[in-house]
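Residue 2 is where the sequence shown starts when you use the numbering used here, and the numbers rise one by one after that. Here is the structure we will look at, set down as structure tokens.
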Amino acid sequence: MDEKERLEHYRKMTETPVSRLICRLAVPTIISMLVSAIYNTADTFFVSQLGTSAAGAVGIVFSIMAIIQAIGFTIGMGAGNILSRQLGARKDEEATVTASSGFAFALVLSVILAAAGIAFRPQIMRILGATETILPYAEAYASYIFLGCPVMCLSFVMNNYLRAEGKAFYGMIGITTGGLLNIALDPLFIFTLGFGTAGAAMATALSQLISFLILLSFFLMGKSSVRISLRKVSLKIRMYRDIIVIGLPTLARQGLASVASVALNVMAAAFGDAAVAAMSISGRITMFAFSAMLGFGQGFQPVASFNYGAKKYRRVREATRFTAVTGTVIMLFASIMCFVLASAIIAAFRGSDPEVMEIGVKSLRAQMLLMPLTGLVTAANMGLQSTGKAAPATVLSMARQGIFFLPIILILPRILGIDGVILAQPASDALSFLLAVFLFVRFMRGLREQEKGSEAD
């Protein structure tokens, strides 16, 4: 990218009305998130045709995929937020060092995770809540997920880099291509070639490899504002410390999603394979609905971080407010649709099992009741993270599936039985919203004070 293009990009990020800019950046990120959610849901749909235990296996291995995603998103968002502020401050060479270091960091961690997973696969599946009937399916599915771990992780990193630069369209191309390929390959590998549960994982790993190659090509061809080069990898510990600190909210959010999934599977397993399958299916549908909000929030993040680096605090405030209001409307619409169509949705996955139907419909509707609250929660969380306020952002990230959810999921089922499993997430969402309101108000007040200080200077 030459100097003229850099200046044009700077003006776009700092002068375009924030509502228009966020929507422009959010469309490709929403598409990317929805496609990712669709192919995850497609795995559940096709595998569920093999039986209730097979459907439960997808929920078990989802915890592993959440860990892989946690590493990729933690490093990608940590380094991405740093490099976005560096680009906003016109420190382009420093941004390239940040990008290269984050890429190398993710590669090392993902290779270690893949090796450990392959070596201890049966033990890990049992720890994650697999029953004896689910275990064979879970092992078959997990084997290829571990093999594809490095390319999956690095794809998440590069996608976040492109989004942080304000070039989410390129990221959308890579993620969407892989996602559509995954959907096409699932029935081919599972049924036509007869690979069963392992076929779904093969399709996922292969599609992620294609996404990785497409995303990498954008950096190698100079389509990005930063470069990825092994010669630019930093040897300073501070670099990796800063990436982790800024990425902590994401690690908390994604990592605790994995822990929460394990706890949910373990508690549901006490009520049989049907309960595990039902919670897995309703969880995937909920994540699909929530992915629209995550995509919109990820369109907001580069606007917030870039303008914060450029000391345009009024624009950061406007962007945060717009994201909270618009996100609430988006999630209200998604929640109404899922609540009304709950029976038809669950039936499409496992309508032949009446127990899965009963638990799944009740769970999906319960989770949709408070889903609109995630609009403000996401805006507050991503606003804090994008502006380098790691401590409150991390606390808020830990709230929904950690601080509040884990005690609730361990206690409520012992009191209410399977209803306790179903109501754990909605209860956690309500408490997370109350915390988010407090942090949102404080964050907006702080931006107003910084704006006044900047005007005085």
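The C-beta atom is built at its ideal place from N, Cα and C for all residues, glycine as well. Predicted model, so just to flag it, every value in this text is computed and none were measured.
Quick one: what's got a C-beta closer than 6 Å to residue i's C-beta in the same chain, skipping five residues either side?
i: A202; result: Y142, Y145, I146
i: F289; result: A38, T42
i: V422; result: M268, A269, P414
i: T462; result: The displayed coordinates of the chain run from 2 to 458. Any statement about residue 462 would go beyond what the structure contains.
i: L210; result: V152
i: T99; result: A80, I83, L84
i: M173; result: P29, I32, S33
i: P137; result: none
i: G118; result: F147
i: L22; result: V304
i: K233; result: T97, V98, S101
i: L333; result: P373
i: E452; result: Y314, R315
Would you kindly check if the distance between the Cβ of residue j and the Cβ of residue i is under 7 Å?
i: F219; j: I229; result: no
i: F104; j: V152; result: no
i: A1; j: S85; result: The structure shown does not extend to residue 1, since the chain spans only 2 to 458, so no value can be given for it.
i: I135; j: G57; result: yes
i: G389; j: F444; result: no
i: F340; j: M369; result: yes
i: F158; j: G223; result: The sequence given here has Val at residue 158, not Phe. In this structure, G223 does not lie closer than 7 Å to V158 by Cβ.
i: G180; j: V36; result: yes
i: L397; j: L440; result: yes
i: T97; j: V227; result: yes
i: A90; j: G447; result: no
i: N160; j: Y40; result: no
i: S102; j: M240; result: yes
i: F272; j: I419; result: yes
i: I346; j: I416; result: no
i: E450; j: V19; result: no
i: T178; j: I215; result: yes
i: V357; j: A279; result: yes
i: T321; j: A380; result: yes
Should residue i go down as buried or exposed, given a rule of 16 or more other Cβ atoms within 10 Å for buried?
i: I360; result: buried
i: E140; result: buried
i: P123; result: exposed
i: V442; result: exposed
i: I76; result: buried
i: L231; result: exposed
i: L236; result: exposed
i: S387; result: buried
i: A392; result: exposed
i: G195; result: exposed
i: I409; result: buried
i: G175; result: buried
i: M338; result: exposed
i: S54; result: buried
i: P373; result: buried
i: K313; result: buried
i: G167; result: buried
i: I125; result: buried
i: A71; result: buried
i: S281; result: buried
i: R12; result: exposed
i: S353; result: exposed
Return the Cβ separation of residue i and residue j in integer angstroms, given the expectation that the two are a contact with Cβ distance under 8 Å.
i: S225; j: Y162; result: 7 Å
i: F297; j: G328; result: 5 Å
i: L26; j: G300; result: 4 Å
i: L108; j: L148; result: With 8 Å as the limit, L108 and L148 do not qualify as a contact, their Cβ atoms being about 15 Å apart.
i: F170; j: P303; result: Between P303 and F170 the Cβ distance is about 12 Å, and since that is not below 8 Å, they are no contact.
i: A115; j: C150; result: 4 Å
i: D274; j: T375; result: In fact, because the Cβ distance is near 30 Å, the residues do not count as touching under 8 Å.
i: L51; j: T198; result: 6 Å
i: L377; j: A325; result: 5 Å
Taking 6 Å as the cut-off, is the beta-carbon of residue i closer than that to any non-hydrogen atom of the ligand NAD?
i: K92; result: This structure lacks the ligand NAD; in fact it carries no ligand of any kind.
Here's a check: name, in chain order, each residue in its chain whose Cβ is nearer than 7 Å to the Cβ of residue i, leaving out the five neighbours to either side.
i: A343; result: V362, L365, R366
i: N266; result: G60, I61, L129, G130, V277
i: D44; result: V59, D187, A201, T205
i: L207; result: L186
i: F47; result: D187, P188, I191, A201
Quick one: any contact between the region 231-248 and the region 187-198, if contact means 3 or more CB pairs under 8 Å? Of all C-beta pairs linking the region 231-248 to the region 187-198, fewer than three are shorter than 8 Å, placing the two stretches out of contact.
Quick check: the region 398-414 against the region 259-270, are there 3 or more CB pairs under 8 Å? With the rule of 3 Cβ pairs closer than 8 Å, the region 398-414 counts as touching the region 259-270.
Across the region 425-442 and the region 291-303, are there enough close Cβ pairs to call them in contact, namely three or more that are closer than 8 Å? Flag = no, the region 425-442 and the region 291-303 do not touch.
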